[in-house]
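Below: the structure, in structure tokens.
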Amino acid sequence: MRDAGTMKTVWILAAMALVMAGVMSYFAYSKPDALEHSLAGHSTDGSAAVSAQDTRAGNGAPLADYGVPGVRQPFFSSGLAGIIGTVMVFVAVSLVAWALKYRKDSSGGTV
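Numbers in the working numbering are just positions in the sequence shown, counted from 1, shifted up by 211.
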């Protein structure tokens, strides 16, 4: 995967993913996701039902509600959250791929 054509394609796809994450995240659904919805109506430990406010963002989540704290413009806040999320996924997948490659290389054979 080291030839120029392949690397150019990878960089183009990465740029497209970042642009899509930055633009399309603004249009993310503003209603609670399935986890928040289920927690709002059901108890997780047999106690009283968890309120929707308790499951909402602002309780320490870094990219809560598709936004970045401190960025006032909703378009830029959600766009930045989308870009950060995309980069985090790319880094995680790259680390797993690198670890699998390293494991294969160090064992002298296939996995």
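Note that beta-carbon positions come from the ideal geometry of N, C-alpha and C, so glycine has one too. Here the structure is a predicted model, which means the values were calculated and not measured.
Practice task
Starting from Gly233, follow the alpha helix (DSSP H) in both directions and report where the run begins and ends.
Solution key: For this step, residue 233 is matched to residue 22 along the sequence shown. Per DSSP, Gly233 belongs to the alpha helix (DSSP H) from Ala215 to Met235.
Exercise for the section: Report the three-state DSSP secondary structure of Leu291 (helix, strand or coil). Expected result: Your numbering for residue 291 matches position 80 in the sequence shown. Residue state, collapsed to three classes: helix.
Problem - Coil, strand or helix - Pro273 by DSSP - result: For the purposes of this step, residue 273 is taken as the residue at position 62 of the sequence shown. If DSSP states are grouped into helix, strand and coil, Pro273 belongs with coil.
Practice task
Give the DSSP-derived three-state secondary structure of Arg283 in the structure shown.
Solution key: Counting from one through the sequence shown, the residue named residue 283 turns up at place 72. Of the three classes helix, strand and coil, the one that applies to Arg283 here is coil, per DSSP.
Exercise for the section: Helix, strand or coil for Ala239, going by three-state DSSP, please let me know. Expected result: Here the question's residue 239 lines up with position 28 in the sequence shown. Residue state, collapsed to three classes: coil.
Exercise for the section: Kindly indicate which three-state DSSP category Gly296 falls into: helix, strand or coil? Expected result: The residue you call residue 296 lines up with position 85 of the sequence shown. It is helical.
Problem - the stretch 274-289 touching the stretch 218-229, judged by at least three CB pairs closer than 8 Å - result: no
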